[in-house]
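Visitor:
Written as structure tokens, this is what we have:
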């Protein structure tokens with residue numbers, strides 16, 4: 001039996017004889033001995049298998065074996081002394097559930113259904129969220145809430161309200177425009193009549209007709225500017241604006257020449 005110090009980390013290379021003692025040597029890398037022993041070979045260090053959900057907490061030495069623990073998100077389902085031999089992932093909570101108790105290295109996660117009026121979309125929350133209330137202006141509930149989804153609110157009422165305002169506004173503008181047009185129409189007609197009958201409007205002489213024929217020699221040349229006496233020689237047809245006062249010098253001159 002090795003008796004070098006505390007003898008941990010050593011193995012027996014040569015057993016003792018009548019004249020010699022036991023020859024001990026340190027353990028090779030990857031092997032260990034934790035206690036006083038008479039082993040000719042050191043123990044193999046443990047390997048933490050990731051496929052089993054294990055990770056290395058403490059590396060192996062000549063005096064201590066490897067310490068394996070569960071990886072994050074796993075819990076131990078099989079123990080080997082003070083160590084864990086196999087781990088399993090924590091059970092995930094489903095949508096509509098909340099995390100009642102978090103999982104640890106030695107215990108699985110505990111889940112619980114959301115109470116009425118609350119929801120959890122992922123199942124990763126410790127507390128379920130309350131449903132939304134569609135209390136905003138013009139908001140209405142389009143879809144009810146469930147244990148895994150929130151209430152869906154829509155604002156279609158706002159679009160209806162705005163559209164109604166636009167339609168009413170267009171109707172009001174149309175009615176006002178029609179009333180203004182009706183009010184302006186009589187005024188325009190009156191103004192036109194005033195221009196046609198006002199003093200500045202030129203008057204037109206009537207058609208001048210002088211008929212050539214036998215006596216009586218005196219004929220009347222009638223027009224709006226006044227009567228004129230003349231001898232019938234020519235036939236004139238003339239229409240032109242009369243000057244103010246009713247006398248047309250040019251026409252009078254033509255009439256005088258006709259009497260000659």
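In our numbering, the protein residues as written are 1 to 260.
Where a beta carbon is used, it is the ideal one built from N, C-alpha and C, also for glycine.
#1: Short check: CB of residue 164 to CB of residue 152, under 8 angstroms?
#2: Assuming residue 53 contacts residue 12 under a Cβ cut-off of 8 angstroms, what Cβ separation, rounded to an integer in Å, is found between them?
#3: How big is the Cα-Cα spacing for residue 19 and residue 45?
#4: Cα-Cα, which of 73, 88, 56 is closest to residue 66?
#5: Is the Cβ-Cβ distance between residue 63 and residue 9 less than 8 angstroms?
#6: Specify the secondary structure class of residue 181 as computed by DSSP and reduced to three states.
#7: Residue 110 bridges to which residues according to DSSP?
#8: Determine the contact status of residue 149 and residue 114, defining contact as a CB-CB distance below 8 angstroms.
#9: Starting from residue 14, trace the beta strand (DSSP E) both ways and give me its first and last residue.
#10: Taking the C-alpha atoms as reference points, what is the distance between residue 162 and residue 173?
#11: Under three-state DSSP, which class holds residue 166?
#12: CA-CA distance, residue 86 and residue 50?
#13: In the DSSP assignment, what are the bridge partners of residue 80?
#14: Determine the DSSP secondary structure at residue 173, reduced to helix, strand or coil.
#15: Find the nearest neighbour of residue 136 within the set 122, 121, 155, 128, judged by alpha-carbon distance.
#16: CB-CB under 6 angstroms to residue 58, same chain, minus the five flanking residues each way: which ones, in chain order?
#17: Report the rounded CA-to-CA distance for residue 17 versus residue 32, giving the unit in angstroms.
#18: Count the CB pairs spanning the region 96-113 and the region 71-81 that are closer than 8 angstroms, and state whether there are at least three.
#19: When DSSP labels each residue in this structure, what does residue 319 get in the three-state scheme?
#20: With distances taken between CB atoms, is the gap from residue 120 to residue 98 smaller than 8 angstroms?
#21: Exposed or buried, residue 90, counting other C-beta atoms within 10 Å across all chains shown (16 or more means buried)?
#22: DSSP on residue 50, reduced to helix/strand/coil?
#23: Helix, strand or coil, according to DSSP, for residue 93 in the structure here?
#24: Among all the DSSP beta bridges, which residues are the ones paired with residue 153?
Guide: The short version:
#1: no
#2: No, residue 53 and residue 12 are not in contact; Cβ-Cβ is about 37 angstroms, not under 8 angstroms.
#3: 35 angstroms
#4: 56
#5: yes
#6: helix
#7: 101
#8: no
#9: 10-14
#10: 17 angstroms
#11: helix
#12: 10 angstroms
#13: 83
#14: helix
#15: 155
#16: 67
#17: 25 angstroms
#18: yes
#19: Beyond the ends of the chain as shown, which are 1 and 260, falls residue 319; an answer cannot be given.
#20: yes
#21: buried
#22: helix
#23: coil
#24: 141
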